[in-house]
Each structure stands twice: as structure tokens, then as C-alpha cells.
Amino acid sequence: MNEDALLFPAGIEISGLTGAVAPFTGQYEKRLSELREIYADKSAFDDALKTQNDPLVYRVVEYRPPNSDIFFGTTTMSPGHVGGEFYMTRGHFHARRDMGEIYYTQSGSGILLLESRDGQSRTVEMKPGICAFIPPDWAHRSINIGDEPLVFVWACNPEAGHDYAEILKRGMRKRIMKDGDAIRIIDNAAYL
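No gaps in the numbering here: position 33 of the sequence shown is 37 in the working numbering, and each next residue is one more.
Structure representation (C-alpha cells):
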């Protein structure tokens with residue numbers, strides 16, 4: 005057997021407060037300037053970008069062992085909102101329609117917005133101790149509805165891939181809005 009192809013057990017440290025992963029194999033960040041297309045109120049977006057110095061909206065850190073059928077990591081989302089919409093991830097389907105994912109919330113509070121291709125929309129509360137099951141072929145977007153960072157661990161097959169284009173093109177059917185102290189789920193008037 006080829007020694008290079010063997011996988012060995014590993015203990016990976018994950019901070020439930022910061023989302024740090026050690027060791028990690030990759031990471032990326034999304035700043036507000038990179039997310040203009042996902043927010044409905046473009047004027048509020050432009051104002052926020054000017055006055056908030058292009059804040060960090062979320063960071064993804066991953067641990068991807070070579071030749072493995074699973075990889076995992078964290079997403080850490082900053083609190084904030086644009087024109088009444090909370091900070092959110094881009095949202096995506098998986099490129100492989102037969103593969104799902106899990107999200108396990110470590111800290112903060114959020115909503116996981118899910119959408120099937122046949123028009124169903126669902127939400128799952130994101131709070132410490134909740135492990136959300138994302139079925140195959142459901143688009144998913146995370147929204148930080150709290151005043152502190154939202155940190156969650158995710159895990160899926162590396163072959164699942166990401167299809168961001170469909171959500172970027174048509175949006176998602178629902179929007180999560182801040183309404184004073186309340187949170188409203190509304191229809192997306194711009195949905196294509």
C-alpha cells in the first residue's frame with residue numbers, strides 16, 4: 005500500500021468563540037464590498053460601504069486532509085446589517101446535487117435559510133448546540149441575527165463543490181429582515 009495515500013487520525017482544535025482552526029489548510033474572507041449583489045437596498049449598501057470602511061462580513065477556515073472523503077471547517081460571521089438585512093453569506097447549492105452538509109453552531113445566533121429547487125423555503129435556528137442538517141440539493145445561506153459573532157462548524161464531502169452562480173443570478177425566495185427588535189421573513193420581491 006502506498007504510504008502517501010494513507011490517512012491518519014488527527015485532532016483538530018476549533019475555537020467556538022473565534023472560529024480559529026488549528027491546524028488549517030485554507031481560508032478566505034468576504035468583505036462587504038464583495039457582497040453588493042446579495043443585498044436588496046443598494047443605496048443603503050453604498051452608504052454602509054462608505055461609512056463602515058469595508059467591514060469583514062465573514063471568514064471561512066477549513067481543514068481538508070488530502071485524499072479524504074470529508075472536510076470541515078468554520079464560518080465566523082460578523083454582526084451587522086445593510087438596509088434592514090442582516091449580514092449573510094452568499095448562499096449556494098452544491099455542485100454535486102446528491103451531497104448534503106451539516107452546520108453545528110458554536111456561538112452567536114443566526115438563521116439558516118434553505119431553499120429547494122422546487123420552490124420550498126425553510127429556516128433552521130442557529131444557536132449553540134443546534135446541528136443543522138442540509139439535505140442534498142437545497143441552497144443554503146447563513147444569516148447572523150445577533151449582536152455578536154456567529155460561529156459554526158460545517159462538514160461535507162469535498163466533492164460536493166459550490167454553485168454560487170444560481171443564487172447570485174436570481175437570489176433566494178426569502179429575505180430575513182431586522183424590524184426594530186423583531187425579525188421578519190419576507191418574500192424577495194426581486195426573486196427571478
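Just so you know, even glycine gets a beta-carbon here, dropped at the ideal spot from N, CA and C.
Exercise for the section: With DSSP collapsed to three states, give me the class of residue 171. Expected result: In the structure shown, residue 171 sits in a helix (DSSP, three-state: H, G or I).
Handout entry: Where the alpha helix (DSSP H) through residue 48 begins and ends
Key = That run of the alpha helix (DSSP H) goes 46-55.
Handout entry: Beta-carbon proximity of residue 58 to residue 72, cut-off 7 angstroms
Key = It is not a contact, given that the beta carbons lie outside the stated cut-off.
Handout entry: Same chain only: Cβ atoms within 8 angstroms of residue 22, ignoring 5 sequence neighbours per side
Key = Closer than 8 angstroms at the Cβ level, and outside the excluded window around residue 22, lie 80, 153, 155.
Exercise for the section: Assign residue 63 to one of three DSSP states: helix, strand, or coil. Expected result: Here DSSP, grouped into helix, strand and coil, assigns residue 63 to strand.
Exercise for the section: Express the C-alpha separation of residue 109 and residue 165 in angstroms, rounding to a whole number. Expected result: Rounded to the nearest angstrom, the two C-alpha atoms are 21 angstroms apart.
Exercise for the section: Use the C-beta contact count for residue 173: other C-beta atoms within 10 angstroms, 16 or more gives buried, fewer gives exposed. Expected result: So residue 173 ends up on the exposed side.
Handout entry: Whether residue 60 touches residue 82 by CB criterion (7 angstroms)
Key = Result yes, Cβ atoms of residue 60 and residue 82 sit closer than 7 angstroms.
Problem - Length at least 3, wholly inside the segment 82-146: the beta strand (DSSP E) runs in chain order - result: For the segment 82-146, the full-length beta strand (DSSP E) segments reaching 3 residues or more read 105-111, 114-120, 125-130, 135-138 along the chain.
Practice task
Out of 176, 11, 51, point me to the one whose CA is closest to residue 200's CA.
Solution key: A question about residue 200 goes unanswered here, because the residues of the chain that appear run from 5 up to 196.
Handout entry: Where the beta strand (DSSP E) through residue 33 begins and ends
Key = Here the beta strand (DSSP E) through residue 33 covers 30-35.
Problem - Other residues of its chain near residue 111: CB distance less than 8 angstroms, five sequence neighbours each side excluded - result: Within the same chain, Cβ atoms closer than 8 angstroms to the Cβ of residue 111 are found at 20, 21, 132, 152, 153, 154, 155, the five residues on either side in sequence being excluded.
Exercise for the section: Tell me residue 196's beta-bridge partners as DSSP assigns them. Expected result: Residue 196 is not bridged to any residue.
Handout entry: residue 164 (DSSP reduced to helix, strand or coil)
Key = Reduced to three states, the DSSP call for residue 164 is helix.
Problem - Outcome for residue 54 when other beta-carbon atoms lying within 10 angstroms are tallied against a minimum of 16 - result: The residue in question, residue 54, is exposed, as its Cβ has fewer than 16 Cβ neighbours within 10 Å.
Handout entry: Close beta carbons around residue 194, own chain, < 8 angstroms, minus the five adjacent residues each side
Key = These residues qualify, in order along the chain: 44, 175.
Handout entry: Alpha-carbon to alpha-carbon, residue 76 and residue 25
Key = Between residue 25 and residue 76, the C-alpha separation is close to 10 angstroms.
Problem - C-beta atoms of residue 171 and residue 178 nearer than 7 angstroms - result: For residue 171 and residue 178, no; Cβs fall outside 7 angstroms.
Problem - Inter-residue spacing [alpha-carbon to alpha-carbon] between residue 14 and residue 27 - result: About 10 angstroms.
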